[in-house]
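The numbering of the sequence shown is the numbering used here, which starts it at 51 and goes up by one. By construction, the Cβ of each residue, glycine as well, lies at the ideal position given by its N, Cα and C atoms. Below is one structure, written out as structure tokens, with a few remarks after it.
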Amino acid sequence: MEFKGMELNAIDLKKLIAIGHDEKKLALLIERGTEEMEYLEVNAPKAAYDGLKAVSALVNEEIPAIPEPSSLTPSTVEALYPANSSCTNALAYDPQEKLLEIEFTNGSVYQYEGVEPETWNRFRQAKSPGRFYNRAIKGSYEGRRVE
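Listed below in structure tokens is the structure:
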């Protein structure tokens, strides 16, 4: 199947119980029966582990533990929120400037201009901030990276 030029393959990870990673290997705990588990190690970079954790959080709409947000730049910020998301660390909003600032988990920070207070309120209350960002912010508002 193709979607937006990308080949998609169906996968079923229901039996994958837990994952871990050391310096070189991805550890997998797989359910093999009602009371049987198998532990496997696969050579893989840490990015594979991080990707699986992110996919799990998106699929299960979990709220992962997040680090303290870095200092965001708007000077008259209405609120600074930890963004309970696998793709964002923190959100800030300046209602006077209608400026939204997002710190992503990769450390990059972006500002979006012209964001209405209603959109800000829906964003900070979203069950999945990453999904809301992709549907309502990305591509809808002009954004720029903040150094």
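Query                                                                                                                             : Result
Secondary structure of Ala-246, DSSP reduced to three states                                                                      : There is no way to answer for residue 246, as the model of the chain reaches only from 51 to 197.
Selection from Tyr-162, Glu-57 and Ile-61 that minimises the alpha carbon distance to Leu-220                                     : With the chain covering 51 to 197 only, the question about residue 220 has no answer from this structure.
Contacts around Lys-74, its chain only, beta-carbon distance under 7 Å, and the 5 residues preceding and following it disregarded : Asn-93
According to DSSP, residues forming a beta bridge with Gly-193                                                                    : Tyr-162
Buried or exposed (CB count within 10 angstroms, at least 16 for buried), Ile-61                                                  : exposed
Close Cβ partners of Ala-186 (< 8 Å) along its chain, the five nearest in sequence each way excluded                              : Thr-169, Arg-172 and Phe-173
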